[in-house]
Every structure is written in C-alpha cells, then in structure tokens.
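Since the structure comes first, as structure tokens, the remarks are kept for the end.
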Amino acid sequence: MATPSRKTSTPGPLASKRPLPRDPSSEVPSKRKSSAPPAPRPLQSSGPFVEGSIVRIAMENFLTYDVCEVAPGPHLNMIIGANGTGKSSIVCAICLGLAGKPAFMGRADKVGFFVKRGCSKGMVEIELFRTSGNLVITREIDVAKNQSFWFINKKSTTQKVVEEQVAALNIQVGNLCQFLPQDKVGEFAKLSKIELLEATEKSIGPPEMHRYHCELKNFREKEKQLETSCKEKTEYLEKMIQRNERYKQDVERFYERKRHLDLIEMLEAKRPWVEYENVRQEYEEVKLARDRVKEEVRKLKEGQIPMTLRIEEIEKQRHNLEARIKEKATDIKETSQKCKQRQDVIERKDKHIEELQQALTVKRNEEHDRQRRISNTRKMIEDLQNELKTTENCENLQPQIDAITNDLRRVQDEKALCEGEIIDKRREKETLEKEKKNVEEHIVRFDNLMNQKEDKLRQRYRDTYDAVLWLRNNRNKFKQRVCEPIMLTINMKDNKNAKYVENHIPLNDLRAFVFESQEDMEVFLREVRDNKKLRVNAVVAPRVSHADRAPSRSLNELKPYGFFSYLRELFDAPDPVMSYLCCQYHIHEVPVGTERTRERIERVIQETRLKQIYTAEEKYVVKTSFYSNKVISINTSLKVAQFLTVTVDLEQRRHLEEQLKEINKKLQAVESDLIALHETNKRLEHKDNELRQKKKELLERKTKKRQLEQKISSKLGSLKLMEQDTCNLEEEERKASAKIKEIHVQKAKLVTELTDLIKSCTSLHIKKVDLILQNTTVISEKNKLESDYMAASSQLRVTEQHFIELDENRQRLLQKCKELMKRARQVCNLGAEQTVPQEYQTQVPTIPNGHNSSPPMAFQDLPNTLDEIDALLTEERSRASCFTGLNPTVVEEYTKREEEIEQLTEELKIKKVELDQYRESISQVKERWLNPLKELVEKINEKFSNFFSSMQCAGEVDLHTENEEDYDKYGIRIRVKFRSSTQLHELTPHHQSGGERSVSTMLYLMALQELNRCPFRVVDEINQGMDPINERRVFEMVVNTACKENTSQYFFITPKMLYGIAKSVNTLLFT
C-alpha cells in the first residue's frame, strides 16, 4: 500500500495526499474503517492540468483501504510501495471509477469482489479537471446485489451517461496504450500488429482517424463483396450465353416441329366442324322421316274411334245381361239353400231314428253283459271258496320263520365282522403303500447322489466309469468280493471334511478298484485292460483286515492341540476299502485339527512327533533328517475337494432296502388276507340271500288264507250290486217304437216341401240359361270387334315404335350435334354463349340448338372431308415425328436464360456503377486516413528509435501491411535489437525475454507520451523483470519525458525507488 506520510514535491502544495486518522506511532495509513470519515470535497485546480486529468481519487471500503484520498500532480506521479501495500488498488479505483469493466484489470469478473472483505458496500470517487468546472464521478458498489450506483457531481445518474462523459474527455481505460494495469502488462506484448494500431489510433490519433480506418475497412469489405459478385455474375452470364448458343439449333428445330404441330392442331380443330356438318345433315333426314311416321300414327288413331264406340255399346249390353244373370243366380242360390235346409232336417230325423235304434241295441247288450258278469262272479266265488277249503293251517309256520330269522341275523353279524376286517386290511394296505413310496423316494434320492458321484467319475475318467458298468454286469465271474472305485464307495460323514481325504489319498488310488483276491484282480485286468483296452487301476486289500486297527495314540491325548478326529473316522467305506487305506495310507494314524492346531503347529510337531498332520486349511508332513536327526516339516495348502463332496449314507440306504423288503412282505400278507376275507364275505352273502328267500316264501304262505277270505268278501259285494242294477227291455222297446213313428210323420211333411222347392229351382235355371246364351252372342260380337281393334292397335304400336325410334335417333343426333358444336367451339376457344368473330366466318348455318356458328376462315384452305383431313393429319404427324430428341424444357430454359441474360446484364451494369462509387469513396477516405497515419507512425518511430539509441540499443516502429488494399490487415510493427550482434526482430511474446518486452513496452508508451491526446496514462509495475541498468535508464526516460511541458498526466506504479535519479520539479513521489 502507498505510504502517504512523505511527499517529495517542491512546488505542489495541492498535489498532496490526505491521510486518514491513524496511530501516531505509525507512518502507514490505517486500514481500519473510521467511525466518521470526513466527506470528500472537490479540489479546485490551479496547476497546469490538461483537460480530463485526475485531480482527486477517493476510496472507501475499497480493496485494502478503509478510507483513503489521493491528490495527484499534473505530470508524473510515481506511486511507490512494497508488494501488497495497495498500489494497484489505486489503479483499480481509477479504472472502476471511470466506468471501466472489472475484466480490464484481469483480477475479477464481478465488481463486488473489489469491496473490502467484510464490508457490504464500497465507494470510489474520481475528480477530473475541466476548464468549465471539475467533473466529480462517484461509484457506490453494493456487494450483495453486485450492483453499482452512479453519481455525477453528487447527482444520481446512469453508467451510460458516465461513459459518455468519460469518452468526451478522451479517456480510454480499456486501451492498453493508455491504461496498463499490473495484470495486463504481459498482454501488451501479446497484442497483434492490428490491435496495436487500433489502440494507438484511439490513444494519440485524431478523433476521426480511427473512424476513417473503420470506414475504410467497411468500404473495402463492401468492395470485395461487389467485386466477387460482379465476377460471379460475369462468369455466370458468359456461361449462360455459351449454353444458349449450343441449344440455338435445337430451338430452331423445335419451332419447325411446332409449325407442323400447329397445322395438326388446325386440322384437328376443323375435323369436329366437318363431323358436326355430317351429323347435322343426317339429323335433318331423320327429322323428315319422323314427321311422316307421326302423320301415319295420327290417321291410325282416327280409324280406331268407331270401333271403340261400338265396343263400349256392346260392353254396356253385356253388363246388363250379366246383372240379370246374377239376379237369377241369386234366386237359384236362395231356393237351393232352402232345399238344402229341408234335406238337412230330413237327414237329422233319419239320424235321430238311428240313434234311438242304437240306444235300444246298447241297452240289450248291457243287459246281456250284466248277466254274463254275474255268472262269472258266482263262478269265481265258488273257486275261491274251494281254494280256501284246501289251504292248510298257517299256525305251524311261525317256528320255521323264527328259526330262519335267527340264522339270518347270525349270518349278517358274521358278514359285518368280515367287512370290518376288509376295511382294516385295506387301511393297512394303504399305510404300507405310503411307507413303501416314502422309502422308495429315499432310495431314489440316495441313488441320485450316487449318480452325481458317478457323473463326476464319467466326466473325468471315462475308462474307469466304463469298467464300473462292466463290473456291475459281470460280478458272477469273481469268486470273492470286488469293490467299485474308492471314490464311489467312500461316504463322507460330513462333506466339509472331504478335502482332507482327497488331499491324503492320491487320485490314482481314489479311482482304483479294490479286490479281496489276487486271482479276481487278474481276471478283471485281463478282461478290462487287455481285451477292452481301458486304462484302470486296481489294488488288493490285505488278507488280514486293518480296518479296525486302533491308532497308536488316543484322540483324547491330541484334543488339547486342537485335533478333533482321525481321518478314518471322517468317512464310511466297505471293509476291504477301509483295510486297504489303513494299511497303505495309515488313515487311522493321521489326525485332523482346526485353526487352533495351525496356530501352535511348532509345539504340536515337537511334542506329538506325528508324521502327518492336517489343520483347517493345510497339510503338514514331518520327517526326521537321516544325517542330522533334525525334524523337518513341509506344509502345503489343501486343495478344494472335487469327488467326495457328495455324501451317501450307505448304511441308511441298506436299512431302507431292508425296510422296503419288510414292507413288501407285509403287503403280500395283507393281500392274501384280503383275498381270503373277500371269499368269506362272498359265501356269507350267498347264504344270506338263501335265508331271505326261504323267509319270504313262508311269510307268503302264512298270509295266503287271509287274502282268499278278503277276495271272496269283495266278490260277494260286487255280485250284490250287479244283481240290483236290472233293466226292463220290453218297456224300452215300446217307447223307442212310439218315438220312431212320430219322427216318420214329420219326415213326410218335409219331403213334400222339398219337392215344391226343387220345381221352382228348375224354372229359375231355364231362365238363367236363356240369359247366358244372349250374353254369349254379345261377347262373341265384342270379341270380333276387339280382335279388329287389336289388329289396328298392333299396327299403331308398330308405327309408334318406329316413330319413337326415329325420335330417339333425332334426339341422339341432336345431342351429338350439340356435343360436336361444343367440341368445335372448345377447339376454337369460343365460349358457350360467344359468337364466332366475323373475320372467321364464311357462312352462318342454322344448327338444331338454335345457335349460329361457322368454321373459321383459316379452315377454307384445309380439306372439307374427313378422309382428306385424316390423310393430311397422318402426313403431318409423320413429319412432326421426324423431329425426335427435342425437349420442350430446353426451349423453356432457352427462353428463360434469354430473359435472365438480359436481367443479369442490367444488374451487372448497376453493380459496376456501385463498385466505382465505392472505389471513389475508398480513395477519398484513404487519402484522409493513410497520410496522417504515416506521419503519426513516423513521429512514433523517431521518438522510439531515439529512446532505444540512448540505451545503446536499436528499435523502430513502422506501418506494416502485406496488401495495401487490405485495410483490416494494417498494423504497427515494433522491431527491437538489444545486442549489436543480432538483427532487428519483431516484438513477440516468445522471442524476447520478459525484461526486454517490458523495456520495449515502456519505451513505446513513452514515445506516445508527447503525442498523446489522452489526459493521463497509467502504467503499473512495468519494471518487473528488467535488469538494474535498463530499469534505471527507463526510469530516467520516464521522468524526463513525463515532466516536460504540455504533456499529459502520468501515473507510474513501482515497488521500489531508484535513488540518485534527478527529481524534476514536476515529479511527485508517494511513499
């Protein structure tokens, strides 16, 4: 931070720095915020300040400052202080106070970051010199909103207004040639030639110079666009002209073909008119024929009128006769109805007589039948009484019935007992079958486990598996017991322990067959190895069994060491297999331990002297050296078990097989008992049926006498009723004869009436026949007239049909005429109501629809018949077809290109005129811009070269461009040489060292100082990286240049002061 305790300036009492209240013992201004800071007041200028120079800088809660105010001088202002003391804070205050963006400093992108940490608001105030009155710009910063509030001369305003006021004073805080903050020093050397020219123009050039440059660039861009456009249009125009020339002959042939097609069109246009005229003439002929037939129809209709009248008269006479015939028919019908009624009454009388006779016959038959039934009933009573006499006494049958009942009860008890036993046996059978099923399922599960072991054997050792199958089919060839491979016969008690057995017994022995006899083994190997070529292993068990041999040490002695079992106790196996393993691998002597055993393995080896030991995951083999008698142990990790993990309890399986056999025996016994019980039950059933039949017969004999007595009593009652129901036949015959006689009298009267009615009906029939004959004569005459009428009508219909046909033909021809006229009008492009123009008319014929029309005059030179027109059409079409390969789109494109060529030619003229105008404008603006720019660059080069010469170095500045017309490529090139042995090199970020770039940058800015239009310049710590000699030389130049009369204000920030440099009267040193 700058130390304001000291001021090195002789004549500048106003160029002072006002420190805040601070500790009297310190010369550094306090960074603690004052409780009541004094309000900043504007300073009046009395020195040689230029327009826009900074008169006062005030800061509050800004970066490292609580409250600070600085009053710089009109020329060189050197701000000196150690790093971190706040020098660059003043540069930031100048930038932000003059509406600069935070990014210009390269420190932060938000203005709120420039407020002192812990404060919510900050303030920067800049007072600028103006002859019309100083301009005070205040910027208040709100951290929370990251927002600024602007004031000009204590009045609220906007940032845009502040920017306009600052720009009016030619202040450019974004121009590195005017404002070079510490974090942007390196970027100055990175400026391209074009960017350096633009910055220089803005910094020291006249106001219009940069504007002229921008106009030139815009004009040049428009000129390029116009040149490109003119070139493209010219090339395109030439191509279109050439293309049209190529297609010109095709277009001429197309139009020749079109002439033929036009003639075809004319012929096709005339043809409908000729067709129309032909049809019109035919129409007139048909119309005349139709009128003649119409007259014939009229005459035929007039000839039919008399016949129609006579037919109507006869029809009336016929209707009169038919009415009289109907009356006679009605009378006949009524008389016939009366005759029929009399006949019906007579028939009813006859039927009544017949009914009386039938009723008398029925009564005679009923009496005869009653006498017969009485006789039969008496005979039946006599037979029943005789049978009752012969029936024995039933009192002596009861003892027999009681005896049979007792026998029957005893048989039923025996039968119930037998059926109960059958039910018990069936339940017992079901229970045994369930037990059998459970046992068989257990055996299947054991077999499945065994099959798993066999599958593993088959997958790994197919020959051994084939040998097992052969052994199972050929056990009768061996004298003594033969065991299948050891891996199949061993059954682990706990499959977790299978790894110990598999690690102890080699695989060759695990898949070996075990024989009790050497002879059996030789037979097996001869058959399997020699004959079947199977690779198998076989061993012979010891003759004396080792299976039950006791271990040399009791397991209880080893349990303290963590051992829980010997290998032999971990599995079951057949006696030959167990004997072989005990003899060969001493499984009864090898203990198995736990993790506890492994933890104390050294002690176990030393104290137990065991030769082989198994722990939870390792195998230990202990040996004693033959030479040194030392104990040597070898431990290996146990491999994972592969074959013995499947556990099959063979003892339990044998127990299940025995249980299955026992169940089968019990089932057979139960089946035998059930058969015997069924036979007994069948015999008892038969005996029960016999006893029931005997009892039934005795009961029937016992009840027979009572039934006979009841039947006799019933028959006697029926006989009494029949004898009471008697009939007097003589009385009935007398009554019937009297009724019949009376009916005959009535019948005679009815016959007399019927005879009179028949005579009347005959007379009516004769009259009716006479009327029918008269009606027949009338009908005959009518039929003759109708026949004649029908003949005339037939002729009339034929004539009318002919008329209709002619009329339809006329209508058809009329419609065809209309269609042909419509078609002819369409061909001539005439509307439905439009008349043919006079110049196209030759004659105006009258057509059926009432319109007038005539073929065009152009048709006069064409043939007038359809055949001639068709022949000429064929000829013209043949000629037109000769013009092949012609595309109408070619002609359209040709015509379109002709129009486009004309349009492009006109556009090209306009573009060229516009291009000439732009070139004239460029020439004028270039003259106003380039000449002053060259003079300005020459001045800069002169001063820059002088500065470098004073340092015994070389440097020059020139206006560089590759193409004089590319105004956007113009730039200022700086070339420097710091050693006499080298050439001038362009200043770049990579070629020169950091110090050389700093020197070059500083000298270029110094060259701009005297030419500068800007009111002040800020350079922050540009001497970083300079060697002491160059640093001193640059400082001297800065002091000498910046302190000259009529130069703008200069702010030079540096962390150190070079003592011995002459202090100019216009130099201010802030410490």
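Sequential numbering from -18 applies to the sequence shown in the numbering used here. Think of the CB as a built atom: it goes at the ideal place given N, C-alpha and C, for glycine as much as any other residue. All of these numbers come straight from a predicted model, not from anything done at the bench.
Whether residue i touches residue j by CB criterion (7 Å)
i: residue 790; j: residue 232; result: no
i: residue 808; j: residue 270; result: no
i: residue 147; j: residue 39; result: no
i: residue 560; j: residue 523; result: yes
i: residue 642; j: residue 484; result: no
i: residue 552; j: residue 471; result: yes
i: residue 593; j: residue 602; result: yes
i: residue 160; j: residue 999; result: yes
i: residue 445; j: residue 452; result: no
i: residue 99; j: residue 122; result: no
i: residue 557; j: residue 495; result: yes
i: residue 644; j: residue 416; result: yes
i: residue 658; j: residue 399; result: yes
i: residue 1001; j: residue 113; result: no
i: residue 1032; j: residue 64; result: no
i: residue 389; j: residue 689; result: no
Where residue i sits in the DSSP three-state scheme
i: residue 532; result: coil
i: residue 573; result: strand
i: residue 196; result: helix
i: residue 780; result: helix
i: residue 935; result: strand
i: residue 303; result: helix
i: residue 123; result: strand
i: residue 592; result: coil
i: residue 136; result: strand
i: residue 1036; result: coil
i: residue 542; result: helix
i: residue 616; result: strand
i: residue 567; result: coil
i: residue 326; result: helix
i: residue 581; result: coil
i: residue 129; result: strand
i: residue 154; result: coil
i: residue 623; result: coil
i: residue 952; result: strand
i: residue 279; result: helix
i: residue 1030; result: strand
Nearest candidate by alpha-carbon position, reference residue i, set the options
i: residue 737; options: 265, 34 and 319; result: 319
i: residue 888; options: 433, 160 and 213; result: 213
i: residue 474; options: 940, 859 and 547; result: 547
i: residue 513; options: 469, 448 and 524; result: 448
i: residue 750; options: 299, 418, 667 and 309; result: 309
i: residue 562; options: 590, 526, 540 and 542; result: 526
i: residue 432; options: 257, 624 and 382; result: 624
i: residue 650; options: 262, 246 and 413; result: 413
Classification of residue i by the beta-carbon crowding that lies within 10 angstroms, buried from 16 upward
i: residue 408; result: exposed
i: residue 76; result: buried
i: residue 653; result: exposed
i: residue 465; result: buried
i: residue 978; result: buried
i: residue 818; result: Bear in mind that the predicted position of residue 818 carries a pLDDT of just 47, short of 50, making it too unreliable to give a figure here.
i: residue 883; result: exposed
i: residue 555; result: buried
i: residue 1053; result: Limits of the chain in this structure are -18 at one end and 1052 at the other, which puts residue 1053 out of reach.
i: residue 771; result: exposed
i: residue 1029; result: buried
Contact test: residue i Cβ vs the ligand MN heavy atom, cutoff 6 Å
i: residue 280; result: Only the bare structure without any ligand can be found here, which leaves the ligand MN out of the picture.
- If you scan the segment 419 to 495 from start to end, which runs of the beta strand (DSSP E) of 3 or more residues do you find wholly inside it? none
- Complete beta strand (DSSP E) runs within the segment 26 to 107 (minimum length 3 residues, chain order): 35 to 43, 46 to 51 and 57 to 61
- Considering only residues of the segment 493 to 521, which uninterrupted alpha helix (DSSP H) runs meet the minimum length of 4 residues and lie entirely inside it, listed in chain order? 499 to 506
- Message: Just to confirm the assignment: which complete beta strand (DSSP E) runs, minimum length 3, are found wholly within the segment 692 to 746?
- Response: none
- Complete beta strand (DSSP E) runs within the segment 899 to 948 (minimum length 3 residues, chain order): 935 to 941
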